[in-house]
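In terms of the working numbering, the sequence shown opens at residue 21 and continues consecutively.
By construction, the Cβ of each residue, glycine as well, lies at the ideal position given by its N, Cα and C atoms.
Computed from a predicted model, the values in this text were never measured in an experiment.
Inspection log for the structure reproduced underneath, given as structure tokens.
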Amino acid sequence: MQKGGFHVLQVQWNTEWIPTQPEGKLELCARIVGNNGFVYMTDAVTLYLQRDGHSVELCEPYDVPSAWVTRSGSRTCHFDAEGNTSAAKGGKVHWSSWGDHCSPGNINGTSFGCDGGDGYGPRWTVSDVAGSAFQSGQNSLTIDGGGHHGMEVNWPGPTPLIQYSESDPGVSVETTPSRPKRSQPDGLLTVSHVRGTGELRVDVSAAGPHTVEVFTPGGERLATFAKQAAGDHTVSIGNGTPGMYLVKMQTGAQTRAARVVVVGR
Numbered sequence: 021m022q023k024g025g026f027h028v029l030q031v032q033w034n035t036e037w038i039p040t041q042p043e044g045k046l047e048l049c050a051r052i053v054g055n056n057g058f059v060y061m062t063d064a065v066t067l068y069l070q071r072d073g074h075s076v077e078l079c080e081p082y083d084v085p086s087a088w089v090t091r092s093g094s095r096t097c098h099f100d101a102e103g104n105t106s107a108a109k110g111g112k113v114h115w116s117s118w119g120d121h122c123s124p125g126n127i128n129g130t131s132f133g134c135d136g137g138d139g140y141g142p143r144w145t146v147s148d149v150a151g152s153a154f155q156s157g158q159n160s161l162t163i164d165g166g167g168h169h170g171m172e173v174n175w176p177g178p179t180p181l182i183q184y185s186e187s188d189p190g191v192s193v194e195t196t197p198s199r200p201k202r203s204q205p206d207g208l209l210t211v212s213h214v215r216g217t218g219e220l221r222v223d224v225s226a227a228g229p230h231t232v233e234v235f236t237p238g239g240e241r242l243a244t245f246a247k248q249a250a251g252d253h254t255v256s257i258g259n260g261t262p263g264m265y266l267v268k269m270q271t272g273a274q275t276r277a278a279r280v281v282v283v284g285r
């Protein structure tokens with residue numbers, strides 16, 4: 021959609037397993053990457069998560085073994101459930117691992133599965149768990165031993181989510197003054213990447229003497245030059261190290277800065 025000269029994007033978000041948030045509030049922003057490699061971040065917007073008959077608790081594992089490899093046998097960690105587990109209607113366990121094997125496990129004796137090994141490599145596993153597996157207070161989570169090399173369980177360890185039939189806590193919606201608009205470029209300095217030439221084009225429209233500095237993505241000064249009048253300048257960047265280049269222009273008491281993203285020569 022287009023509104024007032026701006027494109028309005030709509031995204032549908034499934035919050036079925038999003039953990040209940042402190043004060044019911046969270047913030048989201050969009051990261052937009054253009055065809056020219058330019059990356060733009062929108063301002064964050066505040067959302068309020070208020071679900072009727074539904075809430076989710078994210079549990080933090082502790083007592084996590086320092087060298088968790090299933091080849092050495094089963095290992096156990098613990099987590100605390102703060103919600104009313106009699107209202108638990110389901111759960112999941114998330115964990116990161118590496119190896120040639122994926123071991124199943126259990127929470128308080130209730131089993132959860134694993135979908136097998138994917139060869140020697142990293143993996144992210146999400147396993148379903150019955151809601152009846154959880155108890156209020158401390159819980160134990162065990163992953164079985166097994167495998168040739170075995171499964172190396174990465175930090176922070178298996179992390180459970182519990183889904184409840186109770187609603188999210190009530191929220192108090194805040195109203196805050198609108199954020200000040202970002203200052204818009206005044207056109208005194210613009211920078212672009214001339215594709216296929218390994219050059220940056222620096223356009224200075226400020227009248228009178230000025231100096232320009234160009235910095236690489238690593239922060240090293242690539243070029244410095246001084247001119248007596250407005251004009252266009254080119255700066256060679258060689259093979260075009262990918263990343264964000266910074267260009268600073270000083271004219272009298274005024275300083276301007278511009279950035280350009282280079283994704284290749």
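- G133 has its alpha-carbon roughly 45 Å from the corresponding atom of V282.
- Close CB contacts of P85 within its chain, under the 6 Å cut and outside five residues either way in sequence, are with R95 (chain order).
- Counting only the Cα atoms, P229 lies some 17 Å from T210.
- For a cut-off of 8 Å, the C-beta gap from T236 to M171 is around 42 Å, too long to register as a contact.
- Assignment of beta-bridge partners to K109 by DSSP yields no partner.
- Excluding sequence positions up to five before and after A277, its CB lies within less than 6 Å of the CB of K268, all in the same chain and listed in chain order.
- When Cβ pairs closer than 8 Å are counted between the two stretches, the segment 242 to 260 is seen not to touch the segment 39 to 57, the count staying below three.
- Within a 10 Å sphere around the beta-carbon of H213 sit 16 or more other beta-carbons, which makes this residue buried.
- Each residue's CA atom was taken as its position, placing P178 and G103 some 19 Å apart.
- In terms of Cβ geometry, I163 and G125 form a close pair [threshold 8 Å].
- Per DSSP, reduced to three states, the secondary structure at E80 is coil, with no helix or strand assignment.
- The residue among R71, Q32, Y60 and L48 with its C-alpha nearest the C-alpha of P189 is R71.
- Contact check for A226 and A250: beta-carbon distance about 6 Å, within the 8 Å limit, so the pair qualifies.
- Nearest in C-alpha terms to V149, of all of G166, T275 and A108, is A108.
- Bounds of any beta strand (DSSP E) do not take in H169, whose DSSP letter is neither H nor E.
- The Cβ neighbour count for A87, taken over all protein chains shown within 10 Å, is under 16; the residue is labelled exposed.
- The shortest C-alpha to C-alpha distance from Y140 to any of S152, G165 and H169 is the one to H169.
- In this structure, the beta-carbon distance from G44 to Y68 falls below 8 Å.
- Distances from the alpha-carbon of V65 to those of Y265, C49 and G218 put C49 closest.
- Secondary structure at P237: coil, using DSSP grouped into helix, strand and coil.
- At a Cβ-Cβ threshold of 8 Å, V234 and Y265 count as neighbours.
- V146 is the residue among G157, G110 and V146 whose C-alpha sits nearest the C-alpha of C122.
- In terms of Cβ geometry, C79 and P176 do not form a close pair [threshold 8 Å].
- Using a Cβ distance threshold of 8 Å, P81 and F99 count as a contacting pair.
- Bounds of the beta strand (DSSP E) holding R95 are R95 to A101.
- In this structure, the straight-line span from the alpha carbon of D63 to that of S131 is close to 44 Å.
- Taken through DSSP and simplified to helix, strand or coil, P42 comes out as helix.
- In the structure shown, R71 falls within a coil segment according to DSSP collapsed to helix, strand and coil.
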